[in-house]
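Asks:
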Amino acid sequence: MGFKAKIILSFFAVILCSIACSDSFLETEQPEDVINNTPQLDIDAARKDFSELSFKTGVNDFELDVLFNKKWAFRLIVPEVEEDEKIPLFVDLHGGALTLRPDVHKRGSCTLGPALENTGTKAYTLIPNSQGFLWFAAFNEEQVVNLVKFAIENLNIDPDRVVVFGYSDGGFGSWFFADTHPELFSASIAIAQAYGLINDDEGTKRTEVPVYVIHGEVDELFPYTNTESLVELARNAGSEVELVMATELGHYRPCDYLPYIEDAIDWLKNSVWE
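Residue numbers (the working numbering): 8 to 281.
1) Using CA coordinates, which residue listed in Asp273, Pro109 and Glu281 is at the minimum distance from glutamate 127?
2) With a CB to CB cut of under 6 Å and the five nearest residues on each side skipped, what residues in its chain are close to isoleucine 268?
3) Is the closest heavy atom of the ligand SAM to the C-beta of aspartate 99 under 7 Å?
4) Three-state secondary structure (DSSP) at arginine 82?
5) Between which two residues does the beta strand (DSSP E) containing arginine 168 stretch?
6) When we look at the beta-carbon of glycine 139 and count the other beta-carbons within 10 Å, is it buried (16 or more) or exposed?
7) In whole angstroms, give me the CA-to-CA distance for alanine 52 and valine 73.
8) Just how far apart, CA to CA, sit proline 230 and glutamate 224?
9) Within 8 Å, do at least three Cβ pairs link the segment 75-82 to the segment 171-185?
10) Between glycine 178 and alanine 199, which are expected to be in contact by the criterion C-beta below 8 Å, what is the C-beta distance as a whole number of angstroms?
11) Quick check on lysine 129: buried or exposed, where buried means 16 or more other Cβ atoms within 10 Å of its Cβ?
12) What is the C-beta distance between valine 251 and valine 220, in whole angstroms, given that I count them as a contact (C-beta under 8 Å)?
13) Answer yes if the segment 87-96 comes into contact with the segment 142-153, meaning at least three C-beta pairs across the two stretches below 8 Å, and no otherwise.
14) DSSP three-state label for isoleucine 206, please.
15) Please name the residue in Val155, Glu70, Gly180 and Leu107 whose C-alpha comes closest to that of isoleucine 196.
16) In three-state terms, what does DSSP make of aspartate 56?
17) In the segment 220-255, which residue ranges form an unbroken beta strand (DSSP E) of at least 3 residues, counting only runs that do not cross its ends?
18) Just to confirm, are leucine 141 and alanine 104 a CB contact at a threshold of 8 Å?
19) Which residues does DSSP list as the beta-bridge partners of threonine 132?
20) For leucine 265, which of Arg114, Glu209, His222 and Asn76 has the nearest alpha-carbon?
21) So threonine 106 and proline 86 are in contact, right, with Cβ under 8 Å, and what is the actual spacing, rounded?
22) Among the candidates Asn161, Leu191, Val88 and Ile134, whose CA atom is the shortest distance from the CA of phenylalanine 69?
23) If you draw a straight line from the C-alpha of proline 189 to the C-alpha of leucine 256, how long is it?
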């Protein structure tokens, strides 16, 4: 094979790898507008701006001017809360993280939202916009960590009941934040993903908080057996991981996972928060 042919094949290999590593290619519609860049501000300024936001019961959509000349765009759903009541916070990381859409976090939920309602779980829900970056990118790590901290500082949140949740790209992110920020999260619910476990000097890193993994039996992007192997590695490292097979479910119908998510919330109440 000639040198030129090898270069062409290498190029296509890179393209195929980038597709295989994320479900974001499923969304082909391009946004009409993107979230505009803004002058750079520091974290203290963002904290102050957050503290001045007016949250009402129901759906609240905001943008904050922040670091990296960007905006943090997020939705925060607020239930009716008594003055001295402390309730959980769920951080809902959307799928299709590489697709730059200013409204992706506003699409509504057929998974976490209904699951909270069906299980009678009163909680805040924070839904950030990935702005076209994977959830473990530096920009999103900064965004998620600080939004959670700001929310705890300003809302009636029980800091011992903060959960990171996600489907597909969001599932990768939910396990990542459990791995890297156990000081913030009490648990992770990771769905339809095949998280690349972090290694340390002793091998696979132990995840310090419990993780509930839901995976479709016939997932077309991430085979069940791959996720099963990763869960086994995590358990061998001392991680507390529950693995539930979603019988006959694939990757492209997240709404069908609702009963399994309801079971995950029951797991939180009965096994993690008790």
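Even glycine gets a Cβ: it sits at the ideal position worked out from N, Cα and C.
Just so we're clear, the structure is a prediction, and the values are computed from it rather than from any experiment.
Replies: Judging by the given coordinates:
1) Counted from its first residue, the sequence shown places residue 127 at position 120. Note on residue identity: the sequence assigns glycine, not glutamate, to residue 127. Residue Asp273 is the option with its Cα nearest to glycine 127.
2) Here the question's residue 268 lines up with position 261 in the sequence shown. If we look at isoleucine 268 and ignore the five residues flanking it on each side, its Cβ neighbours are Thr118 and Ala122.
3) Looking at this structure, you won't find the ligand SAM or any other ligand, since it has none at all.
4) Numbered from its first residue, the sequence shown carries residue 82 at position 75. DSSP places arginine 82 in strand when its eight states are reduced to three.
5) What you label residue 168 is simply residue 161 of the sequence shown in a count that begins at 1. Its beta strand (DSSP E) spans residues 164-174.
6) On the sequence shown, position 132 is the one that residue 139 refers to. By the 10 Å Cβ count, glycine 139 comes out buried.
7) What you label residue 52 is simply residue 45 of the sequence shown in a count that begins at 1. What you label residue 73 is simply residue 66 of the sequence shown in a count that begins at 1. Between alanine 52 and valine 73, the C-alpha separation is close to 8 Å.
8) Reading the sequence shown from its first residue, position 223 is the one you call residue 230. Reading the sequence shown from its first residue, position 217 is the one you call residue 224. Approximately 8 Å between the Cα atoms of the pair.
9) no
10) Stepping through the sequence shown from its first residue, residue 178 is reached at position 171. Stepping through the sequence shown from its first residue, residue 199 is reached at position 192. Right, their Cβ atoms sit about 6 Å apart.
11) Residue 129 sits at position 122 when you count from the first residue of the sequence shown. Exposed is the call here.
12) For the purposes of this step, residue 251 is taken as residue 244 along the sequence shown, with counting starting at 1. For the purposes of this step, residue 220 is taken as residue 213 along the sequence shown, with counting starting at 1. So it is a contact: roughly 7 Å between Cβ atoms.
13) no
14) Here residue 206 refers to the residue found at position 199 when the sequence shown is read from its first residue. Looking at the sequence provided, one finds asparagine at residue 206 rather than isoleucine. Three-state DSSP puts asparagine 206 in a strand.
15) As a working mapping, residue 196 is identified with position 189 in the sequence shown. Among Val155, Glu70, Gly180 and Leu107, the Cα nearest to that of isoleucine 196 belongs to Gly180.
16) By 1-based counting over the sequence shown, the position of residue 56 is 49. Residue state, collapsed to three classes: helix.
17) 248-253
18) Taking the first residue of the sequence shown as 1, we reach residue 141 at position 134. Taking the first residue of the sequence shown as 1, we reach residue 104 at position 97. Contact: yes.
19) Here the question's residue 132 lines up with position 125 in the sequence shown. Paired residues: Ile84 and Phe97.
20) On the sequence shown, residue 265 is found 258 positions in, with the first residue counted as 1. If we check each option's Cα against that of leucine 265, His222 comes out closest.
21) Counted from its first residue, the sequence shown places residue 106 at position 99. Counted from its first residue, the sequence shown places residue 86 at position 79. Not quite, the Cβ-Cβ distance comes to about 29 Å (not below 8 Å), so this is no contact.
22) As a working mapping, residue 69 is identified with position 62 in the sequence shown. Comparing Cα-Cα distances from phenylalanine 69 to each of Asn161, Leu191, Val88 and Ile134, the minimum goes to Ile134.
23) Locating residue 189 in the sequence shown gives position 182, counting from the first residue. Locating residue 256 in the sequence shown gives position 249, counting from the first residue. Using only the alpha carbons, I get a separation of about 30 Å.
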